[in-house]
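In the numbering used here, the protein residues as written are 4 to 157.
The C-beta atom is built at its ideal place from N, Cα and C for all residues, glycine as well.
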Amino acid sequence: MNKTGGCQCGIIKYELTGAPIMLYICHCKDCQKQSSSAFGMSLRMNPHDVAFIQGEDRLKSWDTRGEDGAIKRCVFCPDCGTRIIHGSDSPDEVVSIKAGSLDDTSWLDPVAHIWLQSAQPWVAIDRDQYRCFDREPEDENALRKQWQSQNPMI
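Right, here's the structure in full:
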């Protein structure tokens, strides 16, 4: 696969050693804030399929809570502030690589846009091309299957 990424200043580097589960675009206020943009890209991965090849010992994190009350661990570079991963307080749960931190983003093809109730009004989304949700999707497994069928070579 050889998909690599890292932080903006180059201290943190990682490699995806397994296939992604899915990619979606999130328009929630938290993603807007953390990305300093209109949305965030979340590439869902099994945590054992993300290998840090440089700077793992330098990573910092802080915890916040999602709307459902679950802990969201936000992992970032302490020098440049680039957000790398969102996860939970459980080391075995699926994590979200912040996809903009990948070295090559040309292969990214999101399956859905979520939290559209918070989307900026000027963001145009082709609702015929993407699955769209006002909030969190009720069945993430259906999105995973759809993304994997659309991206069989990844």
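Residue i to residue j span [Cα, whole Å]
i          : j           : result
residue 56 : residue 40  : 28 Å
residue 65 : residue 78  : 7 Å
residue 25 : residue 145 : 11 Å
residue 85 : residue 104 : 8 Å
residue 95 : residue 36  : 26 Å
Reduced DSSP secondary structure (H/G/I, E/B, other) of residue i
i           : result
residue 147 : helix
residue 89  : strand
residue 119 : helix
residue 54  : strand
Of the listed residues the options, nearest to residue i (C-alpha basis)
i           : options           : result
residue 20  : 42, 5, 69         : 5
residue 93  : 109, 86, 73, 83   : 73
residue 152 : 31, 108, 113, 123 : 113
residue 140 : 85, 119, 125      : 119
residue 10  : 59, 69, 30, 33    : 59
residue 91  : 148, 63, 23, 68   : 68
residue 137 : 31, 12, 23        : 31
residue 121 : 131, 43, 8        : 43
residue 76  : 108, 33, 16       : 33
Nonlocal neighbours in the same chain, by C-beta distance under 6 Å from residue i, ignoring five residues either side
i           : result
residue 54  : 18, 20
residue 116 : 28, 128, 133, 135
residue 150 : 25, 114
Own chain residues within Cβ distance below 7 Å of residue i, not counting five before or after
i          : result
residue 52 : 19, 20, 21
Contacts around residue i, its chain only, beta-carbon distance under 8 Å, and the 5 residues preceding and following it disregarded
i          : result
residue 14 : 57, 58, 61, 80, 82, 83
residue 63 : 78, 79, 80, 81
**Study point:** Touch test, the segment 34-50 against the segment 89-107, Cβ-Cβ under 8 Å, three pairs minimum
**Key:** yes
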